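Heads up, the sequence shown stops at 1899 in my numbering, and the numbers go up one at a time, no gaps.
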Amino acid sequence: MEVTGEKKQLVERPFIFYSIMFLLGSFMLSVLSLWQKKILGASMFDPKGFLVPILFGGGSGILVGFWRRKLHEVYREIEQSSSLYRTLVEQASDGIFLADMQGNYVEVNNNGCAMLGYTRAELLHMNLRELMTAEEMAAMPPPFAELLAGKTCVFERHLLCKDGSLRPVEVSAKQLPDGRLQAIVRDITEREKTLKSLQESQERLELIVQGANLGLWDWHIPSGEVIFNERWAQMLGYSLAEIRPHVDTWHDLLHPDDRPMVMAVLTAHLQGKTARYETQHRLRTKTGDWQWVLDKGMVVSWDATGAPVRMTGMHLDIDESEQLKQELREHEERLRSLINATPDIICFKDGNGRWLIANDADLQLFQLDGVDYRGKTDAELAEFSPFYRDAFLTCADTDEVAWTSAPMSRGDEVIPKPDGSHKVYDVIKVPLLAEDGQRKGLVVLGRDITERKRAEEALRQAQKTESL
């Protein structure tokens, strides 16, 4: 070979030298070929099997031009991927923060800046501890140990904004493969407002429940399990610990006479035939007595097939009112027995002239046997007894006179009979007025004086005859 115009002889080398160089070259070529095929997806050889020439630097060595193009493509893909990643980060609805292991921020997206009111430049000169109050730092320091252990930590914080306000957030933090810390921060201001509103509503409900002395129950229908509150148990003389939390407890305490009615109403509601469940029934107390309760409830959730799953409701102690009703019924029965024992007609009306109670003599006189007269006025009852229509209307007129004739009014009223005869009644009407003069009720008493009137008329006729 001739170099720079001079002739030089090849240096004689041992055969072993050329053998080693050949093996080393073959090995390097194999490595390069494998790398190109696996990494760049191309071969070092052209379709004819010749080595593709490569030029290193300006002109010496071997260069595969194809690699250079592939490398450029890889770089472009990396740049595009990086750009896409950045776009996704900036478009994220949550704040995304990156920090080093000392807690210094090294990256933050736009939403993270907007959430706290800082610029990106300001946050990149801050440490995560600067966004936490001293109280929270002491109570809940950053979970560095858990993050270093590879755990993803989710927790809630109140971060300090630039204007000094506190922003409630939910943080999901983890350590990235490069050692940096990533935190995805979600603003939960609205969630906290909602939770606070729900808590206030719950507190108001509890106050209402306590004030109304309501026993609450929450029934999981498939399992039969029921959650009772303390008042539900106390209403029956038990402590909550003594009550088995199951629907069988309620069923076993039901009065036998009430059970068929109650179960029929409950079944109808569970089958979707009624909007709500409501009954009044008796439950056995711890002492063996019977307690009246108003039981109301409704199904609040169903499964995929439409079967009821959950039902909630309440018990209201109505024992006192039921006892009063019972006493009133007993009082009315005694009163009815008393007024039915007299032949006089007796009727009680309310302040609007509606009939409340009438004895048998009154009902028979106006042919109202079997008629549901309660709550009806004289004008309305006239429709049930056409023959006595005029008599009813006359009674209504004399009632109005009685209201203005306190303490009572008295007069004779003639009542015709279907057989053409008539009866005469001495009618006394006593108005009952409130202190402010409002009408409360009217008591009507009538005594049959037909025979007396006849006797008086006969006497007058006799006296008239004698005078002649």
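We put the CB at the ideal spot given by N, CA and C, even for glycine. It should be emphasised that the depicted structure is a prediction, and the values quoted were computed from it without experimental measurement.
Does the beta-carbon of residue i have 16 or more other beta-carbons within 10 angstroms, so that it is buried, or is it exposed?
i: Thr1806; result: One detail in the question is off: residue 1806 reads as Gly in this sequence, not Thr. Exposed: under 16 other Cβ atoms inside 10 Å.
i: Gln1892; result: exposed
i: Asp1531; result: exposed
i: Asn1790; result: buried
i: Val1600; result: buried
i: Met1666; result: buried
i: Met1742; result: buried
i: Ala1813; result: buried
i: Ile1615; result: buried
i: Gly1719; result: exposed
i: Ala1570; result: exposed
i: Leu1579; result: exposed
i: Gly1868; result: exposed
i: Asn1644; result: exposed
i: Met1563; result: buried
i: Arg1883; result: exposed
i: Gln1702; result: exposed
i: Asn1542; result: buried
i: Leu1685; result: buried
i: Leu1876; result: buried
i: Asp1793; result: buried
Output the distance between the C-alpha atoms of residue i and residue j, rounded to the nearest integer angstrom.
i: Met1568; j: Gly1610; result: 23 Å
i: Arg1765; j: Phe1818; result: 32 Å
i: Lys1780; j: Ala1822; result: 17 Å
i: Leu1647; j: His1677; result: 13 Å
i: Glu1637; j: Lys1593; result: 39 Å
i: Glu1753; j: Glu1763; result: 15 Å
i: Ala1833; j: Leu1755; result: 32 Å
i: Arg1715; j: Thr1736; result: 36 Å
i: Ala1738; j: Met1729; result: 13 Å
i: Ile1674; j: Phe1586; result: 39 Å
i: Tyr1669; j: Trp1663; result: 9 Å
i: Ala1886; j: Gln1795; result: 25 Å
i: Lys1848; j: Ile1776; result: 16 Å
i: Asp1879; j: Gln1757; result: 34 Å
i: Pro1838; j: Ala1865; result: 13 Å
i: Lys1624; j: Gln1630; result: 10 Å
i: Ala1545; j: Leu1597; result: 14 Å
i: Leu1547; j: Ala1576; result: 26 Å
i: Arg1622; j: Ser1628; result: 10 Å
i: Ala1604; j: Tyr1536; result: 14 Å
i: Leu1863; j: Ile1788; result: 15 Å
Quick one: residues in its chain with C-beta nearer than 6 Å to the C-beta of residue i, no 5 flanking neighbours on either side, listed in chain order?
i: Leu1725; result: Gln1711, Leu1747, Ile1749
i: Pro1574; result: Cys1584
i: Glu1607; result: Rather than Glu, the amino acid found at residue 1607 in this sequence is Leu. So the qualifying residues of the chain are Gln1613.
i: Thr1881; result: Lys1854, Val1855
i: Ser1898; result: none
i: Trp1723; result: Arg1713, Ile1749, Asp1750, Glu1753
In three-state terms, what does DSSP make of residue i?
i: Arg1741; result: strand
i: Lys1717; result: coil
i: Thr1773; result: coil
i: Asp1879; result: strand
i: Leu1873; result: strand
i: Asp1750; result: helix
i: Met1563; result: strand
i: Leu1555; result: coil
i: Ser1491; result: A caution first: Ser1491 carries a pLDDT of 37, below 50, which makes its placement in the model too unreliable to give a value.
So, for residue i: in the same chain, excluding its five sequence neighbours on each side, which residues have a beta-carbon less than 7 Å away from its beta-carbon?
i: Lys1895; result: none
i: Ser1732; result: Val1740, Arg1741
i: Glu1661; result: Leu1671
i: Asp1689; result: His1712, Arg1713
Please go through the same chain and pick out, in chain order, the residues whose beta-carbon is closer than 8 Å to the beta-carbon of residue i, but skip the five residues on each side of it.
i: Arg1841; result: Asp1857, Val1858, Ile1859, Lys1860
i: Asn1783; result: Thr1808, Arg1870
i: Val1539; result: Gly1526, Ile1527, Phe1528, Leu1529, Arg1551, Leu1554, Leu1555
i: Ala1810; result: Phe1823, Leu1824, Ala1827
i: Arg1560; result: Gly1534, Met1568, Pro1573
Uninterrupted beta strand (DSSP E) stretches inside the segment 1606-1662 (no shorter than 3 residues): 1612-1618, 1645-1651, 1656-1659
Minimum length 3: unbroken beta strand (DSSP E) runs contained in the segment 1520-1550: Listed in chain order, the complete beta strand (DSSP E) runs (minimum 3 residues) inside the segment 1520-1550 are 1526-1530, 1536-1539.
Length-filtered (3 minimum) beta strand (DSSP E) runs lying within the segment 1787-1854: 1840-1847
Complete runs of the beta strand (DSSP E) confined to the segment 1579-1609 [at least 3 residues]: 1584-1591, 1597-1606
Length-filtered (3 minimum) beta strand (DSSP E) runs lying within the segment 1668-1732: 1708-1715
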